[in-house]
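Accompanying notes for the structure given below.
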Amino acid sequence: MGNPEEARPEEQRLGPVVRRRDQIQPGTTDQRLLDTEGDSQWVHTDPWRVMRIQSEFVEGFGALAELPSAISVFGSARTAPGTPEYDAAVRIGRALVDAGFAVITGGGPGAMEAANRGARESGGISVGLGIELPFEQGLNPHVDIGVNFRYFFVRKTMFVKYAQGFVVMPGGFGTLDELFEALTLVQTGKVTRFPVVLFGSRYWSGLVDWLRGTVVAEGKASARDLLLFHVTDDVDEAVALVTKETGPPPPIPYEGYEA
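Counting from 1, position 74 in the sequence shown corresponds to residue 74 in UniProt numbering; the numbering is continuous, with no gaps.
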């Protein structure tokens with residue numbers, strides 16, 4: 001065999017990538033993989049991030065694929081225990097379990113903790129989908145199945161894919177993001193039979209008035225888009241609204257995966 005340095009190839013194929021002329025890299029992919037020396041900055045490159053994103057989807061799908069019918073409950077992490085909003089979220093978590101549904105939240109404190117608490121206290125499945133944040137919160141103690149994500153868009157996919165509807169408690173930017181993500185998916189037909197319930201008419205009335213008086217009035221949305229969600233102050237009504245379009249959940253117990 002000749003010395004590989006004697007002739008420079010005109011074309012280099014690296015998997016699906018073709019490199020020519022000055023873009024040809026020295027060595028081979030296997031060589032770089034097995035070389036233990038060198039810069040570790042590669043773990044922060046975009047191709048490596050793609051693998052991390054893929055792994056998050058795989059882990060999420062694997063953890064949640066066998067969940068029974070579930071409802072996602074959103075709300076502020078700043079909702080304090082003992083407040084009417086917190087107590088309402090606890091009752092909603094209980095009522096959803098009593099109706100045969102698992103409860104999925106963002107896994108944090110506040111309204112999320114309250115819904116998980118209600119689900120756990122009723123003997124149901126309490127799921128928390130956490131997110132990596134600069135101010136680390138961790139999963140609340142009432143979560144039975146927890147998955148932590150690096151990327152918001154992967155986490156939001158799990159919320160929609162494994163839930164049959166949303167109950168949205170009063171919340172901030174994160175709650176609004178999740179709300180409008182769901183409404184957009186329903187409006188555009190990306191998901192079907194996906195009820196969205198806003199709990200707390202006093203809190204949500206300003207937003208609804210703006211949607212009706214500005215967004216719809218100026219032709220940026222249709223009046224029928226306001227039918228994509230319901231507003232209520234009654235726990236039983238919220239549960240009835242968010243579950244009636246999904247049909248009765250199948251009586252299949254969740255056993256989870258064994259590694």
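C-beta: ideal position from N, C-alpha, C; glycine also.
Cβ-based neighbour list, residue i, same chain, cut-off 7 Å, excluding 5 preceding and 5 following
i	result
Asn116	Gly93, Val103, Thr105, Ser126, Gly128, Asn140, His142 and Val143
Ala238	Ile92, Val167, Val197, Phe199 and Thr232
Gly107	Gly128, Leu129, Gly130, Leu139, Asn140, Val143 and Gly146
Arg150	Arg52, Glu56 and Glu132
Ala240	none
Phe152	Ile131
Ala45	In the sequence on display, residue 45 carries Thr and not Ala. Hits under 7 Å: none found.
Leu183	Val196, Leu228 and Phe229
Nearest-angstrom beta carbon gap, residue j and residue i [assumed within contact, 8 Å]
i	j	result
Thr232	Phe199	6 Å
Gly165	Met112	About 16 Å; that fails the 8 Å criterion.
Glu181	Lys156	6 Å
Val73	Ala89	7 Å
Gly60	Met158	5 Å
Assigned secondary structure, residue i (DSSP; H/G/I helix, E/B strand, else coil)
i	result
Ser92	Residue identity check: residue 92 is Ile in the sequence provided, not Ser. Ile92: helix per DSSP, three-state reduction.
Leu198	strand
Val58	helix
Leu129	strand
Arg193	coil
Ile53	helix
Glu11	strand
Val242	helix
Gly138	coil
His105	Checking the displayed sequence, the identity of residue 105 turns out to be Thr instead of His. Here Thr105 sits in strand by DSSP.
Gly165	coil
Val143	coil
Arg21	helix
residue 262	A question about residue 262 goes unanswered here, because the residues of the chain that appear run from 1 up to 259.
Thr232	strand
Ser76	coil
Ala70	strand
Distance CB(residue i)-CB(residue j) smaller than 9 Å
i	j	result
Met169	Thr79	yes
Ile53	Val160	no
Val147	Leu227	no
Pro81	Ala114	yes
Asp98	Ser122	yes
Val216	Asp225	yes
Leu211	Ala221	yes
Ala223	Ala70	no
Ala77	Gln137	yes
Same chain, Cβ closer than 6 Å to residue i, neighbours up to 5 away in sequence not counted
i	result
Leu179	Val168
Tyr203	Pro170
Val186	Phe194 and Leu228
Ser201	Val231 and Asp233
Close beta carbons around residue i, own chain, < 8 Å, minus the five adjacent residues each side
i	result
Pro84	none
Phe173	none
Tyr254	Legend: pLDDT at Tyr254 = 44, less than 50; position of this residue unreliable, no value from coordinates given.
CB contact check: residue i to chain D, cutoff 9 Å
i	result
Val186	Going by chain labels, chain D is absent from the structure shown, which holds only one protein chain.
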